[in-house]
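Residue numbers (full-length UniProt numbering): 1 to 808.
The C-beta atom is built at its ideal place from N, Cα and C for all residues, glycine as well.
To keep things clear, I will list the structure first and then write my remarks on it.
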């Protein structure tokens, strides 16, 4: 008896044909199940009413052919003697509760011949075609057809299946094939060391023994049974149970004739007798939300970025310029509705503004657009909202061919609770910890990963590798690292459980991050990992062999917070907050930093960057420009969120995107916005041409204060040095007054000519400033100042940053 209830005990009748089969393919998707593709993909052409299967001879002893049975002729095909199974086994098989359907179905050698058993629910007739001719199978129970071929050992055969009212369909029998996963795959999965897990699990179009089909494999160790449901079987998986591959917890089946574009899910029978329908955790393509099915996909993209990849492999990121433009793909240009359309516009825009890299907010599939991609349901699939996986490959390829590096946000910190996704995947906590105090993420109503479970770590580590290898992305910005590292993150006392030493550190998460970084750097030369980590955890960017987490860079959240607090103050009050603009240099070399003005700083009431600034519109823009000049000169790489490059006044809205219209000539202040945009382009161009601004970002030799203590004047000045000692001086005047004759110390230059020139002035008229500038060249005098052997009197423009370089 099935654990879900008794089956029809009749051996000679099948259940009535469901409405789905009687009416052909579905025309509309039911909740969680997309519509079937076409009648050609359906298992039958069925009439309005089901026809009963023809009466079959009763079997003799279960599992063996009746002694007196003889083949019977029926319409040109011999009817074979039965090769029946015990009714209880058939019951388990038809109910989807059998762990090894391949042990029953397909071809099996018996002492008296070869038994062939086929599960075709709702079929009227099944004929086996071998090289000796056709032979008809007998229906036993619940859609199981059996027959005994005498004198043949494991013949090669095909099936002709007839459904009520339809023509015979020629089919291959997927249950005659060996597993598509080898012992090495299963060993690596058990050990958590399958670094290309997506090649073993998920769905893959393959040719097995000359037969084209799709191999399905899923990890569900707590399942009683697993079946594949999809557009190819009208979302009824009775005929497509999977087999359990032992202690690996993996279930597998090869389904002939199922190909590219088919939609599918896994129907899992849990220990509690419930059936749950789950999207494939390793699906490499999905339906477009709100539909939730996985999609069989094949990549045909031919990469054309070999030169970029070779150059990337030799890159030393810490000594190279890196200026990142962060954007949300779906809203950057809302009128561009696909990856390919974006690829036609984005590279030119980035090159025009001089950015070296672009960072995409999460591109992985996610059910709720309002999460901006940070609640991922399909970790291995680019969101279908903008096209196919190959379309996303095309976008990355195009950016590479235009000299732009690509980073993507990656979210291994948590996942949503949606029923179709990872939560309680096989009826038990699987990807999440069993302890609810560790599983629940209090900030986002999501679930955290169980970093201590071998297979879960493998899922995530392989996922990081996947995006780098399969999509050629150049870096992963790992989201919410702090929430992973601390067991008490956003949890009040008593709402968390300590580690084995009684501490608050999540040691499993730290170990996972080390493994992920070490694996990515080993497998993907030139790829960069970046941590969004806001605490004082030591060694985030220290190599793993020295006990660090192994990230290449870390977002400098302290710099971001302190500098924004300072710049948001009225100038008259800034002297009381001067330490907030200078404090970052106290710890500047404790990690390798990125200076982020990200999406998080321009949403949820925090205001756009220019709107944080005090004063009237002119002063706001001047503060905005001066701040960017300070940011680009400060040690560390830069990141700027879309819309801030032209000083849009409103917060980011993920439904409408940046306020591009403020750049249109019809907008009254378009010149002001274009001026800020022009400044960002020049900041990037001068930055990339000036090694002093990037070569020694991570070592103290690359920076020296000239005067970090001029609080009363709202002025700070410092010098940056390239590896060869060539300098660039930055002077920031965060006061709204022009300062004439302001003496600044200057390094001694090589040669007799001790002349300097402005490399950039944020108050220049072309940027919307007042045009106050220093005459060129600025000649230094042999008067010691600020600890330097020479100095010069400068004119400091109001609310402006000036860069000086040796005169050319």
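For residue 187, the uninterrupted alpha helix (DSSP H) segment begins and ends at 183-191. Sixteen is the threshold: when 16 or more other Cβ atoms of the shown chains lie within 10 Å of the Cβ of residue 421, as they do, the residue is buried.
A distance below 7 Å between beta-carbons, with the five flanking residues on each side excluded, links residue 626 to the following residues of its chain, in chain order: 732, 734, 762, 799, 800 and 801.
For the set 640, 803, 771 and 658, the Cα lying nearest the Cα of residue 717 is the one of 803. Annotation: residue 241 is outside any beta strand (DSSP E) and is labelled neither H nor E by DSSP.
Look at residue 383 here: in three-state DSSP terms it is coil, with no helix or strand label. Taking C-beta atoms as the reference points, residue 397 and residue 305 count as a pair closer than 8 Å. Per DSSP, reduced to three states, the secondary structure at residue 546 is helical. Counting only the Cα atoms, residue 184 lies some 30 Å from residue 365. Straight across, the Cα-Cα distance linking residue 399 with residue 472 is about 11 Å. DSSP, reduced to helix, strand and coil, places residue 306 within a helical segment of the structure shown. Under the three-state reduction of DSSP output, residue 339 falls in the helix class. If you look at residue 761, you'll find it isn't in any alpha helix (DSSP H); it sits in the beta strand (DSSP E) that goes 755-761. Assignment of residue 217 by DSSP, reduced to helix, strand and coil, places it in the strand class. Between residue 415 and residue 446, the gap from beta carbon to beta carbon is short of 8 Å.
The DSSP-derived three-state label of residue 703 is strand. DSSP, reduced to helix, strand and coil, places residue 803 within a strand of the structure shown. If you draw a 10 Å sphere on the C-beta of residue 330, you find 16 or more other C-beta atoms in it, and that means buried. Under DSSP, the beta-bridge partners assigned to residue 410 are 478. By the Cβ-count criterion, residue 701 is exposed, with fewer than 16 other Cβ atoms from all chains shown falling within 10 Å of its own Cβ. DSSP places residue 727 within a strand segment (E or B) once states are collapsed to three.
Beta-bridge pairing by DSSP links residue 315 to no other residue. Per DSSP, the beta bridge partners of residue 716 are 732. In this structure residue 559 is buried. Its beta-carbon is surrounded by 16 or more other beta-carbon atoms within 10 angstroms.
The Cβ atoms of residue 508 and residue 452 lie closer than 8 Å to each other. If you look at residue 637, you'll find it in the beta strand (DSSP E) that goes 637-641.
If you look at residue 575, you'll find it isn't in any alpha helix (DSSP H); DSSP assigns it neither H nor E. Per the C-alpha coordinates, the member of 418, 394 and 460 positioned closest to residue 289 is 418.
In this structure, DSSP gives residue 265 an extended state, which the three-state scheme calls strand. If the five residues before and after residue 247 are omitted, its C-beta is found closer than 7 Å to the C-beta atoms of 190, all from its own chain and listed in chain order. Taking the CA atoms as reference points, residue 492 sits about 11 Å from residue 437. Its Cα nearest to that of residue 430, the residue 450 stands out among 440, 450 and 441. Between residue 746 and residue 776, the CB-CB gap reaches or exceeds 8 Å. C-alpha of residue 621 to C-alpha of residue 782: approximately 37 Å in a straight line.
Residue pairing by DSSP puts residue 229 in a beta bridge opposite 265. Residue environment analysis places residue 209 among the exposed positions, since fewer than 16 neighbouring C-beta atoms fall within 10 angstroms of its C-beta.
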